[in-house]
Structures are given as structure tokens and as C-alpha cells.
Amino acid sequence: MEHHASHRQAGASFFGVLSILIVLGVVLTVAFKLFTPYWEYRTITSVVKATTEDREELARPIAQIRTNLDRRFHINQVSLPDRDALTITEDAGMIFFNLDYEVRVPMFGNVDAVIMFQDSYEARKP
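As C-alpha cells, this is what we get:
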């Protein structure tokens with residue numbers, strides 16, 4: 044008496060693995076494309092925040108603060124999309140730093156991702 048048990052292979056099929064690889068590829072592509080703008084934003088905010096905590100820097104005129112910020116951005120190899128993305132104003136002994144810009148990142152074909160960055164800092168002028 045022979046006993047014939049049906050043996051069915053278990054595991055992922057070719058199309059299952061292919062589907063997972065395609066989804067993983069899309070997710071990694073999006074992550075790599077969006078990483079740079081977020082990393083630059085993090086660097087820009089750290090430079091601005093360091094400026095708001097530097098009492099010697101805050102004692103300077105607004106134009107000099109702006110020039111020094113631009114120099115620090117250049118040293119850190121980051122740039123704002125335009126000069127108006129960061130406004131620095133002074134009012135009633137306070138200095139206000141307003142960061143407001145967006146970055147358009149091409150994703151696939153005619154699809155772009157738009158990332159908006161907005162932040163504000165204030166510091167008391169010494």
C-alpha cells in the first residue's frame with residue numbers, strides 16, 4: 044500500500060516577490076528624493092536657531108546678520124530657493140526670523156512633490 048500525499052510547494056511566487064520589489068523600489072525612490080530637501084531644511088533651521096542664541100551676532104545690524112547667515116549657509120552647502128525665503132525684521136527690541144518657502148521635487152514623469160517649509164524664530168536684541 045502506497046500512500047500518496049499531495050505535496051504543494053509553499054513560499055512566495057514569482058509575481059509576489061516581483062510585486063514586493065516594485066513597491067519597495069517606489070518607496071525607496073520617493074524617500075531618497077525627499078531626503079535632500081528635508082536635510083537642507085534641518086541644516087537651515089539649525090543655523091538660524093544658532094544665530095538666535097548668539098548674543099554677539101544679535102547685536103549687529105540686520106544687514107550684517109543676513110550676510111553672516113548667508114555665509115553660514117554657504118559653508119554648510121545649503122541654499123534657500125530665493126532671498127525672500129528668510130525674512131529678518133526688528134521690532135520693539137526683538138528680532139524676528141521668518142522662514143517660508145517651498146521646494147518642488149520631480150518624482151515620476153509629470154508628477155512632482157511640493158514640500159512647504161514654514162518656521163519662525165524670535166530673539167531679544169541685546
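For the sequence shown, our numbering assigns the number 44 to the initial residue and increments by one for each residue that follows. Beta carbons: idealized from backbone N, C-alpha and C, even for Gly.
DSSP-derived helix/strand/coil call for residue i
| i | result |
| --- | --- |
| Glu-145 | strand |
| Gln-120 | coil |
| Arg-167 | strand |
| Asp-113 | helix |
| Ala-156 | strand |
Buried versus exposed call for residue i [16 or more other C-beta atoms within 10 Å across all chains shown]
| i | result |
| --- | --- |
| Ile-65 | exposed |
| Ile-57 | Before going further, note that residue 57 is Phe rather than Ile in the sequence given. Its Cβ having fewer than 16 others within 10 Å, Phe-57 is exposed. |
Short Cβ contact (8 Å threshold) for residue i with residue j
| i | j | result |
| --- | --- | --- |
| Ile-131 | Ile-158 | no |
| Met-150 | Lys-76 | yes |
Euclidean distance between Cα positions of residue i and residue j
| i | j | result |
| --- | --- | --- |
| Val-121 | Phe-78 | 14 Å |
| Arg-147 | Ala-53 | 45 Å |
| Ser-89 | Ile-105 | 19 Å |
| Pro-124 | Arg-167 | 27 Å |
| Asn-141 | Gly-68 | 37 Å |
| Ala-135 | Val-73 | 44 Å |
According to DSSP, residues forming a beta bridge with residue i
| i | result |
| --- | --- |
| Phe-139 | Thr-132, Glu-165 |
| Phe-151 | Val-154 |
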